[in-house]
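Okay, here's the thing in structure tokens:
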């Protein structure tokens, strides 16, 4: 009798385990992922397209960057950062994490909204390239073309940073050694503290040939990369290096437990 009860208990436990595994599989087998806002002029979420019909066509394909982001996050494209009077837009206000990849120039309201959002505890990863080298099918001056030159001096200055650019530098891509993955850059800028910074409110660490800066801003954190080559299309070893570098940046910049 005791043996029979033991068998029944074992079967009950096995059934419960099977149901738990099935529920885990149906839910995707993972915990709920964090939402990541994406504010960019680069063709990350949508490929470059002449119009909406081409953008939605089956022939239009996005690149590796979107796939890499969506392995970690639920990606939320954002068109504007401010709702009005310096308040965060509803889309930004609902987020804790933000990726700004060669964004357009921010309006005064957006500069205020982004700064307030970070100081309230937001975590942002910003790629600000002073001379974008990614290929575009659209000519300079076309509004569909990605932002060629990052125009972000007001918000960088608010965080105690200045970006400089040396036009005489070698135009070839190079790899910057870090404590983690090597970072590919091409015609990169350099980041420098503004006079009077860092303060007790803005604590910045500038490293890796001054292409990288991490600043603690209020209760939030901003990681700035003065280049965007890591987001470009590539193949073979160059693509592997980009994936490794982006994984490191996403983990270190957007991990709210750090």
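In the UniProt record's numbering, the protein residues as written are 1 to 258. Think of the CB as a built atom: it goes at the ideal place given N, C-alpha and C, for glycine as much as any other residue.
Test item: CB-CB of residue i and residue j under 8 Å
i: residue 68; j: residue 243; result: yes
i: residue 98; j: residue 155; result: no
i: residue 171; j: residue 187; result: yes
i: residue 91; j: residue 82; result: no
i: residue 211; j: residue 176; result: yes
i: residue 152; j: residue 120; result: no
i: residue 72; j: residue 33; result: yes
Spatial distance of residue i from residue j (CA atoms)
i: residue 26; j: residue 185; result: Here residue 26 scores only 41 on pLDDT, less than 50, and its place in the model should not be relied on; the value that follows carries that caveat. Near 41 Å, if we compare the C-alpha coordinates of residue 185 and residue 26.
i: residue 134; j: residue 229; result: 7 Å
i: residue 124; j: residue 174; result: 25 Å
i: residue 41; j: residue 85; result: 24 Å
i: residue 182; j: residue 220; result: 26 Å
i: residue 70; j: residue 76; result: 10 Å
i: residue 166; j: residue 131; result: 10 Å
i: residue 111; j: residue 179; result: 31 Å
i: residue 245; j: residue 251; result: 10 Å
i: residue 74; j: residue 189; result: 30 Å
i: residue 107; j: residue 191; result: 22 Å
i: residue 225; j: residue 46; result: 22 Å
i: residue 217; j: residue 80; result: 21 Å
Backbone secondary structure at residue i - three-state DSSP
i: residue 216; result: strand
i: residue 84; result: strand
i: residue 154; result: helix
i: residue 229; result: helix
i: residue 224; result: strand
i: residue 178; result: coil
i: residue 35; result: strand
i: residue 211; result: coil
Contact with chain B by residue i, beta-carbon distance below 8 Å
i: residue 178; result: Absent here is chain B; the protein component of the structure consists of one chain.
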